[in-house]
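Q:
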Ligand code: AMP
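Below is the structure:
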C-alpha cells in the first residue's frame, strides 16, 4: 500500500491508472477503522482494479467542537488494517490539502437536497450534511473513482451523497454495503471505542429495539405507535437517551404513513449513551407473498 498526504501526488498515479483502463474503487473514511470499514475496502478490492481509501476527519461536518476533538484517531492500527484488507492507495491529507481555498467556499451549498436533509440527523446536527456534501464532493474531485463504496449504517448520508452525485452530474456509481455488527447487534462504529464498559453493554439494546419495530411493521402495527414504544423503552433502559426513532420512506426520508406503497421502508434511531452519540438503522424486509 502506498500512502499519500497530498492530492497532487495521488492524482497523477490515478490518472495513469485510468488511462491504462483500470477501474478505481474509493472508500472515504474518518479513520479509527474497524471491521465495518474493512468490509467496504475488501468489497472494493474484490470488485475493482485499484482501491483508494481516504482517512480525513472532516472538521466541516462536526456540529459540536468537543465531538471533533474527542473523535478517535488511531493511524497506526488503521494502516495495518488497510494493508491486511488489500488497499492499494491511502490518502491521509491535512485540512489545507482538502480545502486549499479554505473551508468557507462550498459549491455544494447551492444544491437542493429537499427532505433528505431536513429530517433526523438534519435536525439534530444542523449543518452536518452541508459538511458531508462538501467533503465528498472534494474527495470525488481528487480521486475521481468509478465506484464509491458507502455503508448502509449511515443511511441518510448515503441518500444525501447519491442526490449530490445526481445533481452535479457525476458518473460515479454508488455501492452500499450492509452494516457490520458486534455479536450483540451493536453496529460497529468508530465512536464505540469512546464508550465506558457499562455504556457499551447498554448500547447492545439499541439494535434490539430497531428489530422490534421491524417485527411490528411486518405484522401491520402503526408506525408512530412503534416509534413511541421503542423510544419509551430505550428511555427506561439504563444509560440510553434516544433522540429519535423514525420509520420512513427510504427514497424521500419522510415519515412513513401506514399503508403507503414505498420502495424501501426503513427505521432509524440516534441514541446518546453517556457522552457518545450513536446512530443505527434497519431496512424492513419486504413482506413475503
Ligand atoms: P466513517 O469513518 O464513520 O465516516 O465511515 C466511513 C464509511 O464506513 C461510511 O461509508 C460508513 O457508512 C461506513 N461504515 C461505518 N460503520 C460501518 C459498519 N458498522 N458497517 C458497514 N459500514 C460502516
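Residue numbers (our numbering): 14 to 302. Where is the CB? At the ideal position from N, CA and C, for every residue including glycine.
(1) Going by other Cβ atoms of all chains shown within 10 Å of its Cβ, with 16 needed for buried, is residue 273 buried or exposed?
(2) Given that a residue counts as buried once 16 or more other Cβ atoms are within 10 Å of its Cβ, and exposed if not, what is residue 249?
(3) Does DSSP put residue 257 in a helix, in a strand, or in coil?
(4) Name the one or two DSSP bridge partners that residue 67 has.
(5) Please confirm whether any heavy atom of ligand 1 lies closer than 8 Å to the CB of residue 146.
(6) Which residues in the same chain as residue 225 place their Cβ atom closer than 7 Å to its Cβ, once the five residues preceding and following it in sequence are excluded?
(7) Is the beta carbon of residue 278 within less than 8 Å of some heavy atom of ligand 1?
(8) Rounded to whole angstroms, what is the Cα-Cα separation between residue 55 and residue 210?
(9) Counting only the same chain and skipping the five closest in sequence on each side, list residues whose C-beta sits under 6 Å from that of residue 47.
(10) According to the Cβ coordinates, are residue 20 and residue 91 closer than 9 Å?
(11) Go to residue 15, then tell me how far its beta strand (DSSP E) extends in each direction, as first and last residue.
(12) Report whether the distance from the Cβ of residue 110 to the nearest heavy atom of ligand 1 is below 8 Å.
(13) So, at 7 Å on beta carbons, what are the nonlocal neighbours of residue 53 in its own chain, with the 5 sequence-adjacent residues on each side left out?
(14) From the DSSP secondary-structure annotation, give me the bridge partner or partners of residue 162.
(15) For ligand 1, any of its heavy atoms closer than 8 Å to the Cβ of residue 167?
(16) Have a look at residue 166 and residue 42 and give me their C-alpha separation to the nearest angstrom.
(17) Ligand 1 and residue 194: does the residue's C-beta get closer than 8 Å to at least one heavy atom of that ligand?
(18) Enumerate in chain order the residues of its own chain whose CB-to-CB distance from residue 148 is below 6 Å, with the five nearest sequence positions on each side excluded.
A: Taking the geometry as given:
(1) exposed
(2) exposed
(3) strand
(4) 41, 104
(5) no
(6) 243
(7) no
(8) 30 Å
(9) 201
(10) no
(11) 15-17
(12) no
(13) 40, 162, 164, 190
(14) 188
(15) yes
(16) 13 Å
(17) yes
(18) 71
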